[in-house]
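A.B. asks: First, the structure itself, so that you have it in front of you.
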Amino acid sequence: MSSIQLLPDLLINQIAAGEVIERPASALKELLENSLDAGATDIAVQLEAGGIKRLVVRDNGGGIAKEQLPLALMRHATSKIASLDDLQRVASMGFRGEALASMAAVAQVTLTSRNANAAHAWKIEAADGTQSGAAPAAHPQGTSVEMRELYFNTPARRKFLKSESTEYAWCEETFKRIALSRPDVAFSLQHNGKSIWQLPRHDLAQRITAILGAEFGQHAVNVERQIGALHLYGIAALPAYSRSTRDEQYFFVNGRFVRDKVLMHAVRQAYQDILHHQRHPAFVLFLDMPPEQVDVNVHPAKSEVRFRESQGIHQFVFHALQDALSAPMAAVEETANP
Ligand code: ADP
Ligand code: MG
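So, in C-alpha cells, the structure goes:
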C-alpha cells in the first residue's frame, strides 16, 4: 500500500464539487442563493446548452471588494458566519464557503463585481486550480458569475450529465423554486439567447400565478397559521386541481426549498380523506421558524433539514392544512344541499 499523503487543493475541491455542483442546476441554485444573500433585488440568468456550456448569474447586490475577489473563490472562505454560534442561527442561504471554490475546480469561472465604494468593477478568472489577478472591468454595482464548460477537466463526471434539454429542465425548475421563494425580487431567465421568464417584483399571489398559472390559484385555499414563533402560510390546491405527479409541490422552510419526509407526511395526511391515493396535491407553503430549531446543515446542497421537534412540526402543519382544506369544502357542500 502507498503512504498517506495530503491531497492537493484542486483535487479536494473536485471531490467536494461532486456533492455541491452535481449538475448545472446545482450551480445555478448556489449562484442564485449568493445573489439573494448579497441583497439583490434584480437577478438575471443566462444559460447556454442547458447551462453546461455557459451559465451566468448577474445581480445588483452589494458586490465584492477587489481585495476580496480571490478569497470568494477559496474553499471554506465565507462572509456569512464566523463562529459555531452563527452557524446555529444562520439566516443566510449560504455559509459553507464552498460553492464558488467547487465551481472553479470543475469549470472555468469568471467573477466580476463592483461594490458601492468602487469607481469601477474588477474581475478575476479561475480554472484548474489557478486564478488570474484582478483586472478592471465594466459592470454596474453588483456581481456576475460566469461558469463555462462544466466538468471540462473531469470527463468521467461530464458523462453523468444528461441531455441539454434535461439539464435545462432542471435549471428551470431550480429557477422557479427560487423565484417562488422571493416574490419581492425580480428575476429573468434566458436560454440559448431566448427569453423564457421575465418576472417583475410581485406579491406572493402574483408570483404564484406567474409561475404556476391562474388555474392553480382558482382552485386553492389560503393557508395561514401562527403559533408562537411558528408560522405556516401559502396556498394549497383543492382536490379538483390534483396532479398525477409531484411536480407542483413547493415547501420552503425559512425561505429554503426543502424535500422533507416529516413535512410531506403531514401534507399527505391532511389530504388523505379528500384526495384519491393516486393523485398528488399541489401547494406552495412556507414554514418560518426560529433558525436554531432546524438544522439545515445536513447535506451540502441543504435541501434536507432536521427539525429539533419534528413531532410538533408535523402536528402543526397537519392541523393548519387540514383546517384550511376543510373550510371551503364545507361551504361547497352547504351550497349544494341547502
Ligand atoms: P457561501 O455562500 O457559503 O459563503 P460561496 O462560495 O457561495 O460561499 O461564496 C463565497 C463568498 O463570496 C460569500 O460568502 C460572499 O462573501 C461572496 N459572494 C459570492 N457571491 C456573491 C454575490 N453574488 N454578491 C456578493 N458577494 C458574493
Ligand atoms: Mg454560496
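Heads up: the sequence shown begins at 246 in the working numbering, then just goes up one per residue. The beta carbon of each residue, even a glycine, is placed where N, CA and C say it ideally should be.
1) Where ILE260 and ALA546 are concerned, what is the direct C-alpha to C-alpha distance, given to the nearest angstrom?
2) Any heavy atom of the ligand ADP closer than 7 Å to the CB of ALA283?
3) Between which two residues does the beta strand (DSSP E) holding PRO381 run?
4) Can ASN279 be considered in contact with the ligand ADP, in the sense that its beta carbon sits closer than 7 Å to one or more heavy atoms?
5) Assign SER248 to one of two classes, buried (16 or more other C-beta atoms within 10 Å of its C-beta) or exposed (fewer than that).
6) What is the DSSP secondary structure of PHE563, counted as helix, strand or coil?
7) Using DSSP with H/G/I as helix, E/B as strand and the rest coil, what is ALA527?
8) In chain order, which continuous runs of the beta strand (DSSP E) of length 3 or greater are located wholly inside the stretch 280-312?
9) How long is the line joining the alpha carbons of GLU409 and HIS436, rounded to whole angstroms?
10) Can you tell me the Cβ-Cβ gap for ALA450 and GLY462, rounded? I've got them flagged as a contact below 8 Å.
11) Taking MET348 as part of the alpha helix (DSSP H), name the residues at either end of that continuous run.
12) For VAL466 versus LEU483, is the C-beta distance shorter than 8 Å?
13) Leaving out five residues before and five after GLY306 in sequence, what residues of the same chain have Cβ atoms less than 7 Å from its Cβ?
14) Go ahead and label LYS439 buried or exposed: buried means 16 or more other beta carbons lie within 10 angstroms of its beta carbon, across all protein chains shown.
15) Are ILE519 and LEU395 touching if we call contact CB-CB under 8 Å?
16) Pairs of beta-carbons, one from the stretch 366-382 and one from the stretch 329-339, closer than 8 Å: are there three or more?
17) What do you get for SER347, buried or exposed, if any count of 16 or more other CB atoms within 10 angstroms of its CB means buried?
18) Residues in the same chain with beta-carbon distance under 6 Å from GLN538, minus the five sequence neighbours each way, listed in chain order, please.
19) Could you give the residue range of the beta strand (DSSP E) that holds TYR516?
20) I need the boundaries of the alpha helix (DSSP H) containing PHE340, first residue and last residue.
21) So what does DSSP say about ILE480, is it helix, strand or coil?
22) Give the range of the alpha helix (DSSP H) segment to which ARG268 is assigned.
23) Is there at least one non-hydrogen atom of the ligand ADP closer than 7 Å to the beta-carbon of GLU412?
24) Given 8 Å as the limit, is there contact between the stretch 497-505 and the stretch 520-528, that is, 3 or more CB pairs closer than that?
25) Of the choices LEU345, LEU251, LYS311, ARG446, whose alpha-carbon is the least far from that of ALA379?
26) Using the Cβ count rule (16 or more neighbours within 10 Å means buried), how would you classify ALA455?
27) Closer than 7 Å: is that where the CB of ARG341 sits relative to any heavy atom of the ligand ADP?
28) Hey, is LYS325 close to the ligand ADP, as in C-beta under 7 Å from one of its heavy atoms?
C.D. replies: Based on what the coordinates show:
1) On the sequence shown, position 15 is the one that residue 260 refers to. On the sequence shown, position 301 is the one that residue 546 refers to. So the two alpha carbons sit approximately 14 Å from each other.
2) In the sequence shown, counting from the first residue as 1, residue 283 sits at position 38. ALA283 Cβ: within cutoff of the ligand ADP.
3) As a working mapping, residue 381 is identified with position 136 in the sequence shown. PRO381 -> beta strand (DSSP E) spans 380-382.
4) On the sequence shown, residue 279 is found 34 positions in, with the first residue counted as 1. Yes; taking the cut-off as 7 Å, the Cβ of ASN279 has a heavy atom of the ligand ADP nearer than that.
5) Here residue 248 is taken as the residue at index 3 of the sequence shown, counted from 1. It is exposed - the Cβ of SER248 has fewer than 16 other Cβ atoms within 10 Å.
6) Start at 1 with the first residue of the sequence shown, and residue 563 comes out as number 318. PHE563: helix per DSSP, three-state reduction.
7) Taking the first residue of the sequence shown as position 1, residue 527 is located at position 282. Coil, per DSSP.
8) Counting only runs of 3 or more, we get 287-293, 299-304.
9) Counted from its first residue, the sequence shown places residue 409 at position 164. Counted from its first residue, the sequence shown places residue 436 at position 191. When rounded, the distance between both Cα atoms is 11 Å.
10) Reading the sequence shown from its first residue, position 205 is the one you call residue 450. Reading the sequence shown from its first residue, position 217 is the one you call residue 462. Confirmed, about 7 Å.
11) Your numbering for residue 348 matches position 103 in the sequence shown. It spans 344-351 - the alpha helix (DSSP H) in which MET348 sits, taken as one unbroken run.
12) The residue labelled residue 466 in the question sits at position 221 within the sequence shown. The residue labelled residue 483 in the question sits at position 238 within the sequence shown. Result yes, Cβ atoms of VAL466 and LEU483 sit closer than 8 Å.
13) Along the sequence shown, read from residue 1 onward, the residue named residue 306 stands at position 61. Correct list, in chain order: SER280, ALA283, GLY284, ALA285, GLY387, THR388.
14) The residue you call residue 439 lines up with position 194 of the sequence shown. It counts as exposed.
15) Working through the sequence shown from its first residue, we reach residue 519 at position 274. Working through the sequence shown from its first residue, we reach residue 395 at position 150. Remark: C-beta atoms of ILE519 and LEU395 do not approach each other more closely than 8 Å.
16) no
17) The residue labelled residue 347 in the question sits at position 102 within the sequence shown. Under this definition SER347 is a buried residue.
18) Here residue 538 corresponds to residue number 293 of the sequence shown, with the count starting at 1. So the qualifying residues of the chain are ARG553.
19) On the sequence shown, residue 516 is found 271 positions in, with the first residue counted as 1. Not the beta strand (DSSP E): TYR516 falls in the alpha helix (DSSP H), residues 506-516.
20) In the sequence shown, counting from the first residue as 1, residue 340 sits at position 95. Premise fails: PHE340 is in no alpha helix (DSSP H) and is neither H nor E.
21) Against the sequence shown, residue 480 aligns to sequence position 235. Strand, per DSSP.
22) As a first step, residue 268 must be located in the sequence shown, where it is residue number 23. No alpha helix (DSSP H) holds ARG268; DSSP gives it neither H nor E.
23) For the purposes of this step, residue 412 is taken as the residue at position 167 of the sequence shown. No, Cβ of GLU412 sits at least 7 Å from all heavy atoms of the ligand ADP.
24) Flag = no, the stretch 497-505 and the stretch 520-528 do not touch.
25) Walking along the sequence shown from the start, residue 379 turns up at place 134. Here the closest residue by C-alpha is LYS311.
26) In the sequence shown, the residue the question calls residue 455 occupies position 210. By the 10 Å Cβ count, ALA455 comes out buried.
27) Position 96 of the sequence shown holds residue 341. Flag set: Cβ of ARG341 near the ligand ADP.
28) Along the sequence shown, read from residue 1 onward, the residue named residue 325 stands at position 80. For the ligand ADP, at least one heavy atom lies less than 7 Å from the Cβ of LYS325.
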